[in-house]
Amino acid sequence: MVESIWFVIVLILLAAVSVALVLVLVLQADRRSSERESRTQYLAPNYSREAGFRLTSYPNNDLVILQRYWLIEGSIAALDYTIVPGRFTTLFVSKKGRMHYPSSYSAGAFDSVEEYKIDGLTITQSQKPGRRTAVYWVRDDFEFLLYSEEPEMNMMNGLAYYFVNSTRAEKS
């Protein structure tokens with residue numbers, strides 16, 4: 004009789020642990036699916052209403068072709084570019100302290116990190132040769148990140164100078 008009571012108690016405990024485990028797994032899956040970033044496409048780089056800033060100048064010419072404007076999570080501007088011949092890069096702009104790096108970005112994923120000056124600003128360039136490259140700088144109250152998954156050799160060195168000198172943002 005005592006053995007059957009213990010057996011029932013063990014079964015009830017196992018059932019409770021199983022239910023708890025299922026709940027934890029379901030809640031984790033819910034959290035992961037809600038971590039998707041929200042992107043809103045814009046017709047112009049004026050994010051005044053949602054993010055409180057706008058871009059006053061940015062690169063766009065026959066070789067650096069602006070494709071789309073986005074606002075990510077209501078606070079980070081993203082401009083997608085095609086770089087002739089057939090490469091791609093994205094310029095991210097946010098107010099200081101709000102920059103979130105792309106999901107494919109990982110600080111440990113780069114073989115080299117170097118700092119240099121352009122126009123009096125400290126530029127941090129992180130790269131893995133032949134693979135992803137990130138160029139980061141701060142101007143006034145804004146952070147900028149130029150990011151490319153598969154740039155051509157030395158492409159980002161030339162683009163860094165052009166983007167740093169051509170990109171401006173202001174609070175609005």
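Counting from 4, one number per residue, gives the positions in the sequence shown under this note's numbering.
For glycine and all other residues, C-beta sits at the position ideal for the given N, C-alpha and C.
My understanding is that residue i touches residue j, with C-beta atoms under 8 angstroms, so please give their C-beta distance in whole angstroms.
i: M159; j: Q130; result: 7 angstroms
i: Y1; j: T92; result: Outside the displayed range of the chain (4 to 175) lies residue 1, so it cannot be described from this structure.
In the DSSP output, what is residue i paired with across the bridge?
i: W73; result: Q44 and A81
i: E118; result: T127
i: Y139; result: T127 and L148
i: V96; result: A80 and F147
To the nearest angstrom, how far is the alpha carbon of residue i from that of residue j?
i: S78; j: S115; result: 29 angstroms
i: Q128; j: R135; result: 11 angstroms
i: I121; j: R142; result: 11 angstroms
i: S36; j: L69; result: Confidence is the limiting factor: at S36 the pLDDT is only 47, short of 50, which leaves the residue's position unreliable, though a coordinate-based value still follows. Rounded to whole angstroms, S36 to L69 spans 30 angstroms at the Cα level.
i: A18; j: V11; result: 11 angstroms
i: I8; j: L14; result: 10 angstroms
i: F166; j: S41; result: 25 angstroms
i: R90; j: L28; result: 40 angstroms
i: R171; j: V20; result: 56 angstroms
i: Y84; j: L16; result: 57 angstroms
i: E173; j: A137; result: 23 angstroms
i: P132; j: V87; result: 19 angstroms
i: L162; j: G100; result: 24 angstroms
(message) For the region 147 to 157 against the region 54 to 70, do three or more pairs of beta-carbon atoms, one drawn from each stretch, fall closer than 8 angstroms, so that the two count as touching?
(response) no
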